Structures are given as structure tokens and as C-alpha cells.
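Heads up: the structure comes next, in C-alpha cells.
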Amino acid sequence: MSTKKIDIYPKEECGVVAVYKQKQAANLVYLGLHALQHRGQESAGIISTDGNHLFRFANMGKVSEVFSENKLRQLQGDVAIGHNRYSTTGSSFLRNAQPIRMESKFGSIALAHNGNLTNSWKLRLELEKEGSIFQTTVDTEVIVHLLARSKETTFKAALIEALTKIKGAFSLLALTKDALYAVRDVNGFRPLVLGKKAGGWVIASETCALDIVDAKYEREVKPGELIIIEDNELKSFFPFEKCKESLCIFEYIYFSRPDSTIFSRPVYDVRLKLGATLSKEFPVEADLVMPVPDSSTVSALGYSTESGIPFHIGLIRSHYIGRTFIEPDQKIRDFGAKLKYNAIEAVVKNKRVIVVDDSIMRGTTQRKIVKMLRSCGAKEIHVRISSPPTLYPCYYGIDIPTKSELIASTHTLEEIKKYLRVDSIAYLSIEGMSEACGGGHNYCMACFDGNYPVPLDSDSADSYSNQKTLFEEYEVEEN
Ligand code: SF4
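Throughout the sequence shown, residue numbering follows the working numbering, covering 579 to 1057 in sequence.
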């Protein structure tokens, strides 16, 4: 038996949730993590506090696999934070599962981090030289060591000092026995929202985690903001040097759930506009518009509404695939893609179809989807991508393949068309994407235009090239 990589879509790094002053806080965090499962499926963890102790449980797997009723009961107290992990730095091991707990001169501390630090490798080497011993391979542990070595006398001051030294993307939650902290990096790469729930607060990566626990959306945690909730009082600080915002535009295109509001805009509305703009920029005569589910469904609807061409579901996606799957002895062609998608012949037979997808990374999955549609009798296939060509990797917490693996980086549009075997292909323009996302906002678009708002530390660049690529799933195949 052997394994092979199959092409999939980009992976988000993590989702975080915090609940303050609610009965059974851990249960609510559990529900919030469940709503954020799309942001990471490798491990899940919760740390709670009853004001005296910090209780922790984390394990590998999805939220519903990790926690039992018994485990949740043991996570006592009315304040808790939780984390779903998909690793972009650090391997996929239990010891890398978050939240991280540490004992320090400030007492017990828990940290949960979404994002990716661009100077963590350099800081780690410096800290190791000075005697620090690292227990994990996650970049978040650098923050732990910076906190432990701080000469400051309060946790707040030590946290600000540590966060001033790190660079890159972080939406971070910290928990002590007395207080909850939430902080977003000055660029604001990753989303973080604040909600209110009867006498307490909920903070999460996306608003879908507020909805599931009936918390009311209040506002975003702002880029560069530090929120401290202590003694039932919420205080806001802006202790870091300001810079231009660089909100991750890919959150709108692909990562965030369409029922979430992030960066103060409903993801659903933005995706509809992405699809509508794509239709205006690249119209084509066809019988139907269909999405590659699920992340492209809303943009396909936008394309259909704008063009007047009927919307149909021509592909069904299975949600029940694990990381490995046993292939029958008799080899099935394109087994990996068929596990995930199946085309509906009754929809596409003898039809000219427009297939809307949100992005293309390596292109191998799209090629298999096109093959499936052809074998079901599609007459013409026109691919429309609701984002510009993905040309560069991401250093801020999204697992995008390297430049040499990205098909748009190494092939012309005509070559991609030939490779996918489609009748036409077009990508949304950068201007169209920006306009659909509200235009005025300051977005990071580095994976499309190569303009990285925070440069990758040169030492860290080496660590990236040596890093195990986790943009992969494994499919079992015959020897
Ligand atoms: S490089 Fe792309 S995926 Fe990464 S933060 Fe910027 S827009 Fe988002």
C-alpha cells in the first residue's frame, strides 16, 4: 500500500473561539469550534478556567471526535478558549495542538493563535541560543518564550512586549485565571469578531461561531487592538505602532463561511458580487451555470443572476472523506476526485456549461472534474474563476502551494486551457476582485500580485522551503 498526494484547495490554518462569563463555557466553545471546523480539522483543544485553575484538553481530529460529554464536563469554569488547528508551520502532532498552556511568573497562561508569524524562525534560533527549550514546532511557542523571558511585571505589559517583537499574522487569544485577552495584528490579516451574550462576551474567528451560541455580533476586533476582559469589564487598547491594513482577501474568496460577516462585510454578499463581476468581465453563451461546491456556490449564483443563465447543481460533493481512504483492489480511474465529487448526468448531458470555481492551485482536481463532466455528456465546458490567477504562496497562515507548484505561475492561460481540456477559461481581474470586496478596504492580495505587506524574514524563508508541505491529503493507491 502506498500513499499519494491529491490536489485540493487551499487550507486555512486555524479557528479560535473564546467565551467569557457563561455557564458551561467549555460547551459553548465546543459549539463555536464546531462552527469553525472548516478552518482546521487536524486537532482541536479547549482550555477553561474557574478562577483558580486552568483545565485543558486537546487531541488530534475533528471537534466532535475530540470531545466527549465527560471531557467537556471536566473543563470547568465560566471562561474558556478553544482552537481548531490546520498546521501551516509545525508538523501535525498532538504536542502541537492548541491552546498551549504554560506556567509562568504570571501564573497559568493559555494561548490560542490563528495566523502565521514571518519572523518566528529567526526568533526561535535566537531564543534557543539563549537557552530556551522548545516543546513544540509551532510558531506560537515563540510567543510563550518571549512572555516567559519578559522582565515586565504584569502579564499585559509582557504580552504587549512579546507581540511587539513578532511579525506577521496573528489573531490571538490568551487566558489567565483572572482575565481574557484578544488581540489582532496591526495588519489585520486574519478576522476576529466580538459578540455579546447575556452578561458575557464571545470572541471568534468568524461570526458563524457567534450564531451557533446565540451571541449577538457587536463588531470586529480592530487591527492592532488588544481587548482585555476582566471583572466583567471590557477594555480596549491600541498599544502597537499603526500601519496600513492588509486584510486577507482570500478569506472572502474561499476560506470564511458564506454565513459569516468578516471585515465588517457579509461573505455571502461579497461572493455574489465576485460572481456578478466575473460574469460582466467574461460573459459566454451557455445553457447553465454550475459551481464547484461548496465554496464556489454563491459566486456561481452571482454569475448566473448577472448573466441570466440558469443556475444548476451539476456536481455533488461528499463531505464525509477522511484523510485516508481505502481504494478497492480493482483500480478506479480518478478515484481521489470521485471520492469528493460526482457529476450529475441529467443536468449536464448535451449542455454548454459554465463551471464557476473560486481558485485554481495545481489544477489537477479541476482537470478531473472536467473529465467527469465530459464523460457525463457536457457539450461545452467554460471555466470561470472568481479570483485572479494564484501566482504566489502565502506567508500569513494560508497553506498555498509553492510558486513552482501553482499552475498559473508556471503556465500561460492557453496552456492551462489545454491542460484542463476546456473550451474556454477566464479569471476575475484584480480590479474586479477588489471592487467586489468593497474597493476602499486595504486588502492583502499578495498571492495574486506578489506585494507582500510584511516581508518574510530571510532566515524564515529557508525554514519555509524546508517545511513539510501540508497542502495535501493522502489517497491510498495500489503499489
Ligand atoms: S497572501 Fe493571499 S492568502 Fe495570504 S494573507 Fe494575503 S491574500 Fe490572504
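Just so you know, even glycine gets a beta-carbon here, dropped at the ideal spot from N, CA and C. Keep in mind the model is a prediction, meaning the values are calculated, not measured.
{"Item": "From the DSSP output, in three-state form, read off ALA747 for me.", "Value": "strand"}
{"Item": "Please state whether the Cβ-Cβ distance between TYR974 and GLY746 is less than 8 Å.", "Value": "yes"}
{"Item": "In terms of residues, what are the limits of the beta strand (DSSP E) holding LEU772?", "Value": "771-775"}
{"Item": "Which residue from LYS743, LYS755 and ARG768 puts its Cα closest to that of ASP809?", "Value": "LYS755"}
{"Item": "Using a Cβ-based criterion (distance less than 7 Å to any ligand heavy atom), does ALA787 qualify as near the ligand SF4?", "Value": "no"}
{"Item": "For the stretch 798-851, which segments carrying the beta strand (DSSP E) assignment without a break, of at least 3 residues, lie completely within its bounds, in sequence order?", "Value": "804-808 and 811-815"}
{"Item": "Does DSSP put GLY623 in a helix, in a strand, or in coil?", "Value": "strand"}
{"Item": "If you reduce the DSSP assignment to three classes, tell me which class PHE1049 lands in.", "Value": "Bear in mind that the predicted position of PHE1049 carries a pLDDT of just 28, short of 50, making it too unreliable to give a figure here."}
{"Item": "State buried or exposed for GLN652, treating a residue as buried only when at least 16 other CB atoms are found within 10 Å of its CB.", "Value": "exposed"}
{"Item": "Taking a contact to mean a Cβ-Cβ separation below 8 Å, would you say ASN920 touches ILE891 in this structure?", "Value": "no"}
{"Item": "Buried or exposed for GLY593, going by 16 or more other Cβ atoms inside 10 Å?", "Value": "buried"}
{"Item": "Let me know the secondary structure DSSP gives ALA1039 once reduced to three states.", "Value": "Here ALA1039 scores only 48 on pLDDT, less than 50, and its place in the model is too uncertain to base an answer on."}
{"Item": "Would you grab the beta carbon distance between SER937 and THR988 for me? Rounded to a whole angstrom, and I think it's under 8 Å.", "Value": "Contact flag wrong, Cβ pair sits at about 16 Å."}
{"Item": "At a threshold of 7 Å, does MET939 count as lining the ligand SF4 (C-beta to nearest heavy atom)?", "Value": "no"}
{"Item": "Any idea what DSSP makes of ASP865, helix, strand or coil?", "Value": "coil"}
{"Item": "Going by beta carbon distance, what residues of the same chain come within less than 6 Å of ALA596, once the five residues before and after it are set aside?", "Value": "ILE659, LEU751, LEU758 and ILE781"}
{"Item": "Could you spell out the range, first to last residue, of the beta strand (DSSP E) harbouring VAL780?", "Value": "778-782"}
{"Item": "Between which two residues does the beta strand (DSSP E) containing TYR952 stretch?", "Value": "As written in the sequence, residue 952 is Arg, which differs from the Tyr given in the question. Element bounds for ARG952: not the beta strand (DSSP E) but the alpha helix (DSSP H), 942-953."}
{"Item": "Report all residues from its chain with a CB closer than 6 Å to the CB of SER686; omit the five preceding and five following residues, and keep chain order.", "Value": "LEU632"}
{"Item": "Between the Cα of PHE860 and the Cα atoms of VAL934, CYS826 and VAL720, which residue gives the shortest distance?", "Value": "VAL934"}
{"Item": "Name the residue from GLU796, SER885, SER682 and GLN676 whose alpha carbon lies nearest to the alpha carbon of LEU812.", "Value": "GLU796"}
{"Item": "Using the C-alpha atoms, what's the distance from ASP1035 back to ALA735?", "Value": "25 Å"}
{"Item": "In whole angstroms, what separates the C-alpha of PHE1049 from that of ASP977?", "Value": "In this prediction, PHE1049 scores a pLDDT of 28, lower than 50, which makes its location untrustworthy; the coordinate-derived value is nonetheless stated afterwards. If you take the alpha carbons of PHE1049 and ASP977, they lie about 6 Å apart."}
{"Item": "With a threshold of 16 other CB atoms inside 10 Å of the CB of PHE815, please say whether the residue is buried or exposed.", "Value": "exposed"}
{"Item": "Please work out which residues of its chain come closer than 8 Å, Cβ to Cβ, to PHE684, disregarding the five sequence neighbours upstream and downstream, and give them in chain order.", "Value": "LEU725, THR732, PHE733, ALA736 and THR754"}
{"Item": "I want to know whether the stretch 689-697 touches the stretch 634-645 - three or more CB-CB distances under 8 Å.", "Value": "no"}
{"Item": "Taking C-alpha atoms, which residue in PRO677, LEU741, ARG663 and SER1012 lies nearest to ASN697?", "Value": "LEU741"}
{"Item": "For VAL925 versus GLU958, is the C-beta spacing smaller than 8 Å?", "Value": "no"}
{"Item": "Beta-carbon separation of CYS821 and VAL764 under 8 Å?", "Value": "yes"}
{"Item": "Can ARG762 and SER783 be called in contact, C-beta distance under 8 Å?", "Value": "no"}
{"Item": "Can you tell me which of the three DSSP states PHE671 falls into?", "Value": "coil"}
{"Item": "Can CYS826 be considered in contact with the ligand SF4, in the sense that its beta carbon sits closer than 7 Å to one or more heavy atoms?", "Value": "yes"}
{"Item": "Distance, Cα to Cα, LEU770 vs GLY955?", "Value": "45 Å"}
{"Item": "Note down the Cα distance separating LYS851 from PHE841, rounded to an integer number of angstroms.", "Value": "16 Å"}
{"Item": "Please go through the same chain and pick out, in chain order, the residues whose beta-carbon is closer than 6 Å to the beta-carbon of MET1023, but skip the five residues on each side of it.", "Value": "ILE827"}
{"Item": "According to DSSP, simplified to helix, strand and coil, what is TYR598?", "Value": "strand"}
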